[in-house]
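So for the sequence shown, my numbering puts the first residue at 280; every next one is plus one.
C-beta atoms are modelled at their ideal positions from N, C-alpha and C, and glycine is treated no differently.
Quick caveat, the model's predicted, so the values are computed rather than measured.
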Amino acid sequence: MDSRKPGTTNTFNPDINRRPGTPGASTTYGIPATPMSQEGSKLIVGKDIQLKGEITACDTLVVEGKVEASMDSRMIQVSQSGLFSGEAGVDTAEIAGRFEGSLTARERLIVRSTGKVTGTVRYGRIEIEDGGEIAGDIKVLNAKEAPKVEAPKSETPKPATTSGSGSTSALDSAPARAALGGND
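In structure tokens, the structure reads:
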């Protein structure tokens with residue numbers, strides 16, 4: 280049954296200006312109205328959730344609960360209530376909770392005042408807030424702070440010298456002379 284009068288057509292066309300959604304703009308519930316392409320894929324492990332396994336194809340991991348995993352990602356964020364144990368290779372790590380295991384922060388490691396990191400830690404740059412803790416085997420990834428020392432290249436070997444301790448320079452050894460072209 281058609282509720283319209285016979286011989287009439289529906290010509291109602293409201294003129295409502297519609298704006299396209301703004302990427303990243305939130306609705307009243309805090310959920311983005313349209314996805315943000317620069318954010319990429321994001322996994323949030325809630326406060327009472329436990330997760331074990333391998334995490335792949337995840338740009339950002341937010342840990343509010345407990346995660347035992349291995350991952351290679353762009354970013355990990357461990358909240359104050361969160362615990363990550365396992366192995367993580369990330370560009371940026373922000374730790375406000377606990378991280379236990381092997382962490383490689385290729386660009387930046389941030390340990391918040393409530394954060395505690397233990398294990399094998401490699402980082403490009405590090406920031407530790409007052410109260411933050413870090414313990415274990417800790418090393419800087421890039422060697423820019425430790426300049427390489429190269430021996431000057433010379434074609435004529437210098438004469439051997441003897442220091443007061445009785446040791447001789449490397450030029451006194453047969454392999455060094457052979458490498459420099461000497462045949463004694």
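Report the option in the options whose CA atom is closest to the CA atom of residue i.
i: E347; options: L340, T339 and E333; result: E333
i: S364; options: E379, D409 and I405; result: E379
i: G403; options: I389, T335 and G410; result: I389
i: V419; options: G410, E406 and E412; result: E406
i: S392; options: E366, E408 and I323; result: E408
i: K331; options: A375, E373 and K345; result: K345
i: G325; options: T335, Q359, M354 and G319; result: Q359
i: T339; options: I413, T371, D327 and G411; result: T371
i: M354; options: R377, L322 and Q329; result: L322
i: G319; options: D327, Q329, T335 and I328; result: T335
Would the C-beta of residue i count as close to the ligand NAP, meaning under 6 Å from any of its heavy atoms?
i: I389; result: Looking at this structure, you won't find the ligand NAP or any other ligand, since it has none at all.
Are the beta-carbon atoms of residue i and residue j separated by less than 7 Å?
i: V357; j: L382; result: no
i: V396; j: A384; result: no
i: E386; j: G361; result: no
i: S349; j: C337; result: no
i: G411; j: G398; result: no
Check residue i in the structure and name its three-state DSSP category.
i: I328; result: coil
i: L450; result: Because the pLDDT at L450 is just 42, under 50, the model does not fix this residue reliably, and the value given afterwards should be weighed accordingly. In this structure, L450 counts as helix in the three-state DSSP scheme.
i: S320; result: coil
i: A384; result: strand
i: L340; result: strand
i: P436; result: Residue confidence is low: P436 scores 48 on pLDDT, short of 50, so the model does not pin down where it sits. No coordinate-derived value is stated.
i: L362; result: strand
i: G376; result: coil
i: E408; result: coil
i: S392; result: coil
Could you name the residues that DSSP lists as bridge partners for residue i?
i: T371; result: M354 and R387
i: T397; result: E379 and A414
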